[in-house]
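I have placed the structure first, in the form of structure tokens, so that the comments after it can refer back to it.
Protein chains in written order, with our numbering: chain G, 774 to 1046; chain W, -5 to 326.
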């Protein structure tokens, strides 16, 4: 524990953020030197979201609502989830490489530098699809917002939801990717499972699922706080009290991610002895 | 006080005893089985500021593991490390400002960024001032010719360029203690020469250096002290000169005779020396103990009685000594 405090004190938070932004900015600059890659990947991200939109549009052409949720309310769900996924790819895509960095011993240099390893790993790569995902996600969210008749008064809640969704998504993916410190392999299977769980259940109202799914997504892997809870509060499906859970989950997820990563580093034994 | 001090440094690794693939991983999660082995076994090492130390040993001897323990990448199973009085693992961030690390087998450059961007990111990470940064880059450029590939993406560099850029990365914050793990691996002669000259200058300037290499020319040209490690333990620690004086006790003359050499006959004629056939039929290799006979004596008697067409003298290299140390033929 003393170790953890010593680490925190010796790197000021502002310096950590500066390092993080510089690394991301350098990646973004280099991306714009190869615009073809950017367009292909961003279009892929956008297309994926258009498919989500089309799916909902077709669904709601045949049914008036799903478990009491309207087309526009479900657009809010989908849009927020897309923004969260895009935020992961934009701000912390590097964490997906944790497993391959571990097996190839590429954490070594990062340990010898004066910055938190998780920050260096998170900012080591940029998912180009994020630009399309975030743009289309925001478009869906905005369209749903207007269609659901949410006024300007709710905007602060909307902003909080967007920020918290991004933070929770990045943090949970980071924590699950850090499992690869112990389960050696380049594939972040547990993070993939979480994304799959979200894709299967979080674009639909949670009420249609059995209790087990609700318990898991609310309290075990709290992905429901990424999009479902804030949207349910915005649209009156849940009481406003639930909203407190969102920033709390964001803070808890961040602490979890940092803790798991730190524990993982402790059992890191490099490669090539 | 030594800049680096390791006491009874030991590292045991657990290797998972598991089947391959995802299924193996899942089974391993349920039923954990491990095998233990010791990579570094009770090493004591003390390095004074300004020393340049070569750390050599055969493959798998524990060199890289030692470097990782000394740099704080790995936590020792037993024993302690102190670098400038700090535990490099527990006080990793503070330690990072004082050390520079190069692993020749890997790069620390950002793969998709120009070299210059990597250096700038490190500059900010270490908090190097603009003036210091410019001065250091100018110096690296003069000695390592960085300029030609500063704007190139790391992934497009040749191995020699990559290594020079990595060396600049390792030294951009002017560290007091520098670890170089195989800095010349895979490089051609001219790049090696340039790198060695640079390292020699660094050592002369008073930077403390720990260098591992399989190329003993690196070691002889850059370092004064050599630590030989084998099977995780230190086999020799002392000045390179002394290692030579201690173990190099014989010299060799290659004689090229007019006709084919008859080794048994020659051995009978000169029983004080060891005789062996050379590569050519007319070549013969004579080995004598340098503390019993002077070279002039040996050459005098050989040339007067055999009248060779040509001859050449050779001294066992440090390489031979190390090879014999590895083979366990020599003990301290």
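Glycine is no exception: its CB is placed at the ideal position from the N, C-alpha and C atoms.
Since we're looking at a predicted model, the values are computed, not measured.
For a Cβ distance threshold of 8 Å, nothing in chain W lies close to residue 793/G: the least Cβ distance comes to about 10 Å.
In terms of CA proximity to residue 226/W, 39/W leads the group 301/W, 39/W, 263/W and 161/W. A residue is called buried when at least 16 other Cβ atoms come within 10 angstroms of its Cβ; residue 162/W meets this threshold and is buried. Residues of chain G with a Cβ closer than 8 Å to the Cβ of residue 111/W are, in chain order, 799, 802 and 803.
By the Cβ test, the region 914 to 931 of chain G is in contact with the region 848 to 857 of chain G, since at least three Cβ pairs between them sit closer than 8 Å.
DSSP places residue 276/W in the coil class of the three-state scheme, outside both helix and strand. Close to chain G, meaning a Cβ-Cβ distance shorter than 9 Å, are the following residues of the region 147 to 158 of chain W: 147.
Only buried fits residue 941/G, as 16 or more other CB atoms lie within 10 angstroms of its CB.
The CB of residue 165/W never comes closer than 7 Å to any CB in chain G; the least such distance is about 13 Å. For residue 27/W, the three-state secondary structure derived from DSSP is coil.
For residue 961/G, no CB of chain W lies under 8 Å from its own CB, so it is not counted at the interface with that chain. The shortest CA-to-CA distance from residue 202/W to any of 145/W, 106/W, 172/W and 62/W is the one to 172/W.
Spanning the alpha carbons of residue 920/G and residue 844/G requires a straight line of approximately 9 Å. Interface with chain W (8 Å Cβ-Cβ cutoff): residue 866/G is excluded. The beta carbon of residue 126/W sits closer than 8 Å to the beta carbons of 168 from its chain, once the five residues preceding and following it are set aside; these are given in chain order. Taking a Cβ-Cβ threshold of 8 Å, none of the residues of chain W is close to residue 1031/G; the smallest such distance is about 15 Å. Taking C-beta separations shorter than 8 Å and ignoring five residues to either side along the sequence, the partners of residue 271/W in its chain run 255, 257, 277, 278 and 279, following chain order. Between residue 118/W and residue 801/G, the C-beta spacing is not below 8 Å. Interface residue (Cβ-Cβ distance to chain G less than 8 Å): residue 107/W is classified as such. Counting C-beta atoms within 10 angstroms of its own C-beta, residue 9/W has fewer than 16 neighbours from the protein chains shown and is therefore classed as exposed. Less than 8 Å separates the beta-carbon of residue 882/G from that of residue 102/W.
For residue 811/G, the CB contacts under 8 Å within the same chain, skipping 5 residues up- and downstream, are 804, 805, 901 and 904 in chain order. A Cβ-Cβ separation of about 14 Å leaves residue 1021/G out of contact with residue 1006/G under the 8 Å criterion. Going by DSSP, residue 107/W is part of no alpha helix (DSSP H) at all; its letter is neither H nor E. Residue 120/W has a beta carbon lying within less than 8 Å of a beta carbon in chain G.
Our two residues, residue 222/W and residue 75/W, have alpha carbons roughly 19 Å apart in a direct line. Between the region 925 to 936 of chain G and the region 945 to 959 of chain G, the count of Cβ pairs shorter than 8 Å is below three; the stretches do not touch. Here residue 817/G is exposed. Its C-beta has fewer than 16 other C-beta atoms within 10 Å.
Comparing C-alpha distances from residue 212/W to each of 26/W, 185/W, 178/W and 245/W shows the shortest one belongs to 178/W. Of the residues assessed, residue 807/G falls on the exposed side of the cut-off, its CB having fewer than 16 other CB atoms within 10 angstroms. Under the Cβ criterion of 8 Å, residue 787/G is not counted among the residues facing chain W. When beta bridges are read from the DSSP output, residue 212/W appears opposite no residue. The shortest C-alpha to C-alpha distance from residue 995/G to any of 967/G, 982/G, 977/G and 978/G is the one to 967/G.
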